[in-house]
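Okay, structure first, notes after.
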Amino acid sequence: MTDPVSLGVTWYFNTAGIGEGDGYRWLSYETHHDPSAADFVLMAPVAGLTLVELTAERNPSIVLARNHDSRFVFYATRLVPPGVPEEGDIKNRRISASVLGVATADGGHGPLVDAAVSALEGDLARSLPLNWTAGSPAVDHQSSSWPMTRDGTASRPQTAGHRPQSVRLPPTSRSIAATALASLSAIDLDDLPPDQILLLDNDALGLEELDRLRPWWAITPLVKEQVTIAGNSKSGDWQQLALVLGLAAFAALVAILLWAFL
Amino acid sequence: MPEEILAKDPQLGRVMDVTMLGPRGVGKTSLLVSLYDQFHEVVGSTPLELTTSDHATRTTLDQYRQDLRAFARGVRRDRGIEGSVQLRKYIFGLGTQGKRPPQMRLRFTDGPGELLATSGPMREALDAAVRASGILLVAVDSPVLMEAEQQHNDRVNQPELVMEFIRDALAEGGQRLVVIVPLKCEKYVASVAGARELRDAVKERYETLIKNIADLPVRQDKAAAGVVLTSVETVGSMRFSRFEPAGDTYREVFRLAQIGGSYSPRDTDQPLRWMLRFLINAYKDRSKTLGERFTDWWSFTDTKLTNGLQKFAADCKERDGFEVFVRHRYLDLP
């Protein structure tokens, strides 16, 4: 098993068990790390939004970003690992898991990118080092599938490539994003500015929000909405223009009155 | 404390913040789905419109709606709906019909009950949301309150924690409204006697909070709060049947009230009507800048909107599952 600390990444997992006292909580891969630290990362803003806001409430989402403090973060939600109890939680609700990776050292972005590629390819859930003994979740340190050590880390190009610029992809193109991510060089990743989202796979954000966030790759099914948003925004623009013209006319009238009476 | 009940957000414009407190899975988000779905029916001839402002709200509500409709038909009736695990915000636009962007937004922050017993950044975010909110909505799991001699109530509804939390928020000052909303209450509100029993149970269990608020020093334009009870049927067709043992705890089991029953929520508009009544009074009471006066005069927006809101807020129920526990001057008919 590879020592995760040597890879410069801290991993956290959030999941639940079947019992009343087994509600969703954070587990840390490294036993000496406080799992509750994960919440601080989740609530730290990236491009003005927190990781909670960057992920959908009900559907799986993936975020890979460079935080405002230059640390790389990876967050994937609503994953269903193979060992999850089939009966669900205390209310029979399906149990899912989230994984959060935080780069703690230079070069720590490698394993996070690998995890993101794996998530895009749909393989991440079955690699998660989680088991449920007597219905209660625990980190499985004996898992051979964790930490992520894909071939990509070793074979990543050592020279800068062509940096992608805010590409929006339909959801069926996860493999395109996965290939593009895997081919990113370490130099490209080092050059990624702070507060920048590299990958966002989230069906809950609209095009307007995506345009503002400008992720390098955004995977979204929202194509039709563009028309609606454009229409709305145009209507708002006309109203604003009318107000400005009205104000200008009012100011002119006041000026004329003042000129006439003074 | 909320500077004004209708705050100004640089991106959203005028925003009324509402924090929802209650156990995870009680149906807080389902309440928003039903409220949104029913709004165009209950609004009648009032020229008001409720819209989903952001895509995240629209998508999430749509997913909850699918689950809710399936549950209402008795499909997966013991599975319930997967609860939220984090602090989430839902934003709606409210304004006169056809007006884009809408004149105001309603921003609901969903505070899962589990957060009340924790510390850390999520809890701090919840505290901040409560400080900014003029409206605090307390969602109550009705079967847990009404059945099995309340043996699960302290753990699920956490009334002591909720009361303590609200007391701290009120200590910060400002004008606030506390809306107590019993959910999953279809079984009880089916009869007048049942609705009164539910009301009495809420009144008894939240007596300390109600008394604390009633005893707040009433000073003109200073800190004060009102408390109302509005029982809401978010599904309509499903009634609580029994608790079923599940390991060391229980599981709520629901049954169809009648064969062929389907999604038929009732009174989902009542919490909003009370909130808006409070809002209109607070809004009229606010101090306007010269610019605001001119804009309002220029667009006639203010008149149209306040007239619409006034008409909508006039239909607040006050009996059989609805009651004003603590009066506040902003709860009077505007």
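Just so you know, the protein sequences line up as chains A and B, in that order. The first sequence begins at 106 in the working numbering and counts up by one. The second sequence begins at 1008 in the working numbering and counts up by one. Cβ atoms here follow ideal geometry from the backbone N, Cα and C, with glycine treated the same way.
V1196 (chain B) and V1145 (chain B) - do their beta-carbons sit closer together than 8 Å? no
Which bits of chain B does G128 (chain A) rub up against, with CB to CB less than 7 Å? E1121
Proximity test, Cβ basis, 8 Å: G311 (chain A) and chain B: yes
Spell out the partners DSSP gives V1025 (chain B) in its beta bridges. B:F1115, B:I1142
Nearest residue (CA-CA) to Y134 (chain A), options A:P252, A:R317, A:E314, A:A353: A:P252
Name the DSSP beta bridge partners of L274 (chain A), please? A:I324
Could you have a look at P1341 (chain B) and say whether DSSP puts it in helix, strand or coil? coil
Distance, Cα to Cα, P308 (chain A) vs V157 (chain A)? Residue identity check: residue 308 (chain A) is Asp in the sequence provided, not Pro. Cα-Cα distance, rounded: 14 Å.
Starting from S141 (chain A), follow the beta strand (DSSP E) in both directions and report where the run begins and ends. S141 (chain A) -> no beta strand (DSSP E), and no H or E assigned at all.
Could one say the Cβ of F179 (chain A) lies closer than 8 Å to chain B's Cβ atoms, at least one of them? no
Just to make sure I have the definition right: I need the residues of chain B whose C-beta is within less than 8 Å of the C-beta of S141 (chain A). Which are they? G1127
Local conformation of M1245 (chain B) per DSSP, three classes: strand
Taking the C-alpha atoms as reference points, what is the distance between F118 (chain A) and S203 (chain A)? 6 Å
Measuring alpha carbon to alpha carbon, tell me which residue in B:E1048, B:E1325, B:T1053 is nearest R1203 (chain B). B:E1325
Which same chain residues, not among the five before or five after A121 (chain A), have their C-beta less than 6 Å away from its C-beta? D127, G128, Y129, D194, I200
Got a sec: is the Cβ-Cβ distance from Q1227 (chain B) to anything in chain A below 8 Å? Confidence at Q1227 (chain B) is low in this model, with a pLDDT of 48, below 50, so its placement is unreliable and no value can be given for it.
Counting only the same chain and skipping the five closest in sequence on each side, list residues whose C-beta sits under 7 Å from that of L978 (chain B). Lying before the first or after the last residue shown, residue 978 (chain B) is absent from chain B, which here runs from 1008 to 1341.
Against chain A, with Cβ distances strictly below 8 Å, would D1044 (chain B) count as a contact? no
Establish whether the CB of A161 (chain A) and some CB of chain B are separated by less than 8 Å. yes
Mind listing the chain B neighbours of V157 (chain A)? Cutoff is C-beta to C-beta under 8 Å, in chain order. Q1093, L1094, R1095
Just by C-beta distance, which residues in the segment 1059 to 1078 of chain B are closer than 7 Å to chain A? D1061, H1062, A1063, T1066, T1067, Q1070
Give the DSSP-derived three-state secondary structure of E1011 (chain B) in the structure shown. coil
8 Å Cβ cutoff, E125 (chain A) in contact with chain B: yes
CB contact check: R1246 (chain B) to chain A, cutoff 8 Å: no
Measuring CA to CA, which of A:T284, A:L286, A:P242 is closest to L132 (chain A)? A:P242
Sequence ranges, alpha helix (DSSP H) only - wholly within the segment 1032 to 1067 of chain B, length at least 4: 1035 to 1049
Looking at chain B, which residues of the segment 142 to 154 of chain A have a Cβ within less than 7 Å of any of its Cβ atoms? D144, F145, M148
Alpha carbon to alpha carbon, how far is Q1182 (chain B) from G1029 (chain B)? 22 Å
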